[in-house]
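Last residue of the sequence shown: number 765 in the numbering used here, and the count goes up by one each step with no gaps.
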Amino acid sequence: MKTYHTDQIKSIALLGNSGSGKTSLAEAMLFNGGVIERRGTIDAKNTVSDYRPIEHENGNSIFSTVMYTEFLNRKINIIDTPGLDDFSGGVISSLYAADCAVLTINVQNGVEVGSEIHFRHAENVHKPLIIALNGLDHEKANFDKSVEMMKDRFGSNVMLVQYPVNEGVGFNSIIDVLKMKMLQYPKEGGAAKATDIPADQKSKADVLHNALVEKSAESDEALMELFFSNDTLSEQEIRKGIAKGLLTRGIFPVFCVSSKNNIGVDSLLEFIALEAPSITDMPSPVNSKGAQVKADPAGPASVYVFKSSIEEHIGEINYFRVYSGKITENLDVVNTNNGVKERLSQLYICAGKNRSRVPELHTGDIGAFVKLKNTKTDHTLNAPGNDWRYEGVKFPAPKYRTAIKAQSESDDEKLGEALNKIHLEDPTIIIEYSKELKQILVHGQGEYHLNIMKWHLDNIYKIPTNFNPPRIPYRETITKAAQADYRHKKQSGGAGQFGEVHLIIEPYTEGSTEQSMMKFGGKEIKLANRSKDEIDLDWGGKLIYVNCIVGGSIDARFMPAILKGIMEKMEVGPLTGSYARDIRVYVYDGKMHPVDSNEISFRLAGRNAFSNAFKNAGAKILEPIYDVEIMVPSDRMGDVISDLQGRRGLVLGMSSEKRFEVIKARVPLAEMNKYSTALSSITGGRAMYTMKFSEYAPVPGDVQEAVIKAYTEEEEED
Ligand SMILES: Nc1nc2c(ncn2[C@@H]2O[C@H](COP(=O)(O)OP(=O)(O)O)[C@@H](O)[C@H]2O)c(=O)[nH]1
Ligand SMILES: [Mg+2]
48 MKTYHTDQIK SIALLGNSGS GKTSLAEAML FNGGVIERRG TIDAKNTVSD YRPIEHENGN
108 SIFSTVMYTE FLNRKINIID TPGLDDFSGG VISSLYAADC AVLTINVQNG VEVGSEIHFR
168 HAENVHKPLI IALNGLDHEK ANFDKSVEMM KDRFGSNVML VQYPVNEGVG FNSIIDVLKM
228 KMLQYPKEGG AAKATDIPAD QKSKADVLHN ALVEKSAESD EALMELFFSN DTLSEQEIRK
288 GIAKGLLTRG IFPVFCVSSK NNIGVDSLLE FIALEAPSIT DMPSPVNSKG AQVKADPAGP
348 ASVYVFKSSI EEHIGEINYF RVYSGKITEN LDVVNTNNGV KERLSQLYIC AGKNRSRVPE
408 LHTGDIGAFV KLKNTKTDHT LNAPGNDWRY EGVKFPAPKY RTAIKAQSES DDEKLGEALN
468 KIHLEDPTII IEYSKELKQI LVHGQGEYHL NIMKWHLDNI YKIPTNFNPP RIPYRETITK
528 AAQADYRHKK QSGGAGQFGE VHLIIEPYTE GSTEQSMMKF GGKEIKLANR SKDEIDLDWG
588 GKLIYVNCIV GGSIDARFMP AILKGIMEKM EVGPLTGSYA RDIRVYVYDG KMHPVDSNEI
648 SFRLAGRNAF SNAFKNAGAK ILEPIYDVEI MVPSDRMGDV ISDLQGRRGL VLGMSSEKRF
708 EVIKARVPLA EMNKYSTALS SITGGRAMYT MKFSEYAPVP GDVQEAVIKA YTEEEEED
């Protein structure tokens, strides 16, 4: 492997619907670059990219895979990604590490759900996009339909660089309207022979050539002037225009391939090698200090780890990109996430699971480390002195959750370790040990996502587990004021215990002020506010603790003990044992004993007084409400909305965005269980959604009854 310098390095992410041929295209790219000697196939389960057991089991990419090929004296880094939306984490991190997306479209089906979703992922991060129409050898290939759909969905920036002469079985010829040549491929594919465009194709080729000329002129003023004066542009000028148009997403150039037969792949590679952006063409990433990190080959070394994986016999591998400088073997760097010094003892470049050692890697390049104990995905390694981090990959928030339990308790510890590894390899799987719910929760992107995780637990880690419905983190609060006294007294042998507390509780709302007098049973109680603690509860909401003691009926030194007792009860509300919130407590009277009063006595008195008051204060259950934003195709909007209403959802608004409708709604978490599966079945997988915690709100009366009933039954079982 020779050394490649920044301007010779191109990095692409392969995107596209599942089954559109990304993995097969990567295989052909590696073959054409001489990185592999034989092309594997999906059926034979021997491709470079899909090398993991789960991928052989499913016949489908599940993780992103880092590869490279060499073409025209350039190194092209290729990251193959999974097509299914549940695995979008791999797509998002790949787009972060690449400068350009190549979107494959299966010409049997044209633009599919996944094509649109991946197009949007690239759009969200403003990455240039090249389109590869794949499968032109297939008997059901339909080039014209695919082009029509692309123009319709992706707009008029879709520009044909090529079209097939003989799509379908026997496909071997492409007209290239950039070169104005016909590319003809031998039976075994590979390198094209360029010939003159045959007479019967000439007029079609001219029309498309002129369209390409005009579009490329649009991306550069100087080119536009040249075009006006000469009425045409040279191939070099068109290339320049396309390269510029790529950067602004003003042009999405379209190429024709059959990955299966290795046709057109050389020409696509040539375009990527020559015209795709390199890192210096792209906007600089921003670091934790808000500064832009310039891709400077002569600058200080700086790398970002965008992916980790755990490989058989090796352990952890970290894939990184060099954003600045040059890294060499044995370079000393600092991990700025944890301050640990690391020495880069071995550097690798990877093609799937095959690695080769290299002495150095330059700005823009992608490589891997093994054996760095303190470095993991999302970490930054810098030359000493630069103590900032990259902002890093922004993964989507989880939208599907389940509780998980090892079938055998003796596996609990092993399960914890396995889940940590799973999270390391796929940061979109998030593990939460909920003390509150007494469950281990696993959050992911969808039901299928978590089923694949379970497959790994079953087959790789060999830990049998069960999924259970996740409990809902309810809260409790009160709706009216209540008063209670409690005397704790114990006088049996030895030292006695004595403490008496009188208190009032009332609902707290943000901005409300303390009362100076309240009435209970016709009796007025004066509340002289002497001091106040405003406690932000760990589980949200507040407890306001007001000391109204006059005349020293309780010593100030016992006040913290009373609060401690109250806090114990705040953790187990009387209705469902959930955390309580938004309560104001006035401690206004009590009694002490000259000898027997101590902290324990006041803690118990405070706890019981509070508990008794809570029972009379109109306790109410609050539930978590989520802000849900759903992108649906217009024709499915009605179904999605009526489904939301069935989930006690409140639709807040709708707006149109291209061919999609965006629905904003508020929905209780309790009704969102398995939502991704339901939404997918309503819309044929064509919708996307995000959900974010908004606030706690009271549950309706009938729901409160059902929740209390379920809780009581569960308690009785335990
Ligand atoms: N006929 C034909 N089949 C293809 C072509 N490219 C891929 N396939 C097949 O389509 C299926 C999906 O391909 P794969 O590369 O896994 O697609 P991915 O899911 O996008 O990675 C496999 O069975 C491939 O053999 C092609 O150009 N022509
Ligand atoms: Mg694949």
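Every residue gets a Cβ at the ideal spot worked out from N, C-alpha and C, and that includes glycine. The structure presented is a predicted model; accordingly, all values stated were derived computationally and were not measured.
task = Indicate, with yes or no, if ligand 1 has a heavy atom lying under 7 Å from the CB of Thr70.
result = yes
beta-carbon Asp127 near ligand 2 non-hydrogen atom, thresh 7 Å = yes
task = Spell out the partners DSSP gives Tyr736 in its beta bridges.
result = Ile677
ask   = So which of Ala188, Gly439 and Ile451 has the shortest CA-CA distance to Phe514?
value = Ile451
message = So within the stretch 576-654, which uninterrupted alpha helix (DSSP H) runs reach at least 4 residues, ignoring any that extend past its ends?
response = 606-617
query = Within the chosen definition, does the stretch 198-213 reach the stretch 221-233 through at least 3 CB pairs nearer than 8 Å?
reply = yes
ask   = From Gly599 to Asn384, what does the alpha carbon distance come to, in whole angstroms?
value = 53 Å
query = Going by the CB atoms, is the gap between Pro344 and Lys388 shorter than 8 Å?
reply = no
ask   = Considering only the beta carbon of each residue, do Ser331 and Ala342 sit closer than 8 Å?
value = yes
ask   = Any heavy atom of ligand 2 closer than 7 Å to the CB of Asn107?
value = yes
request  = Mind checking which residues open and close the alpha helix (DSSP H) that includes Gly685?
outcome  = Met684 to Gly693
request  = Verify the contact flag: Gly237, CB atom, against every heavy atom of ligand 4, threshold strictly below 7 Å.
outcome  = Only ligand 1 and ligand 2 can be found as ligands here, which leaves ligand 4 out of the picture.
ask   = With DSSP run on the structure shown, which of helix, strand or coil describes Ala666?
value = coil
message = Check for me: the beta strand (DSSP E) holding Lys251 runs from which residue to which?
response = Element bounds for Lys251: not the beta strand (DSSP E) but the alpha helix (DSSP H), Ala246 to Glu265.
inquiry  = Considering only their Cβ atoms, is the gap separating Ala323 from Cys147 smaller than 8 Å?
reply    = yes
message = Are the CB atoms of Asn181 and Ser314 within a distance shorter than 8 Å?
response = no
task = Decide if Leu294 is buried, meaning its Cβ has at least 16 other Cβ atoms within 10 Å, or exposed.
result = buried
message = So for Phe201, helix, strand or coil by DSSP?
response = helix
query = Taking just the CA atoms, how far does Ser727 sit from Ala712?
reply = 17 Å
ask   = Under three-state DSSP, which class holds Ile552?
value = strand
Backbone secondary structure at Tyr495 - three-state DSSP = helix
task = Return the bridge partner residues of Tyr533 from the DSSP annotation.
result = Val548
request  = Taking 8 Å as the cut-off, decide whether the C-beta atoms of Asn659 and Tyr480 are in contact.
outcome  = no
task = Find out if the Cβ-Cβ distance for the pair Thr88, Ser108 is shorter than 8 Å.
result = no
Buried/exposed call for Gly637, threshold 16 Cβ in 10 Å = buried
key: Neighbourhood of Ser578 by C-beta, 8 Å cutoff - its chain only, sequence neighbours within 5 removed   = Val593 and Asn594
ask   = Under 7 Å from any heavy atom of ligand 1, does the C-beta of Lys24 make it?
value = Look at the range of the chain in this structure, 48 to 765, and you will see that residue 24 is not part of it.
key: Exposure label - Ala241; buried when at least 16 CB within 10 Å   = exposed
message = To the nearest angstrom, how far is the alpha carbon of Leu504 from that of Asp473?
response = 14 Å
inquiry  = Using only the alpha-carbon positions, how far apart do Ser141 and Thr410 sit?
reply    = 17 Å
Which of helix, strand or coil DSSP assigns to Pro445 = coil
Segment contact flag, the stretch 664-678 with the stretch 724-740, C-beta cutoff 8 Å, min 3 pairs = yes
ask   = On the three-state DSSP scale, how would you describe Arg286?
value = helix
request  = Starting from the C-beta of Gln454, find all residues in its chain whose C-beta is less than 7 Å away, skip the five residues before and the five after it, and write them out in chain order.
outcome  = Pro511, Thr512 and Asn513
task = Evaluate the contact criterion for the stretch 649-659 versus the stretch 523-542: three or more CB pairs, one atom per stretch, below 8 Å.
result = yes
message = Which same chain residues end up closer than 8 Å to Pro517 when comparing Cβ atoms and leaving out the 5 residues on each side of it in sequence?
response = Arg448, Thr449, Ala450, Leu484, Gln486, Leu488 and Asn720
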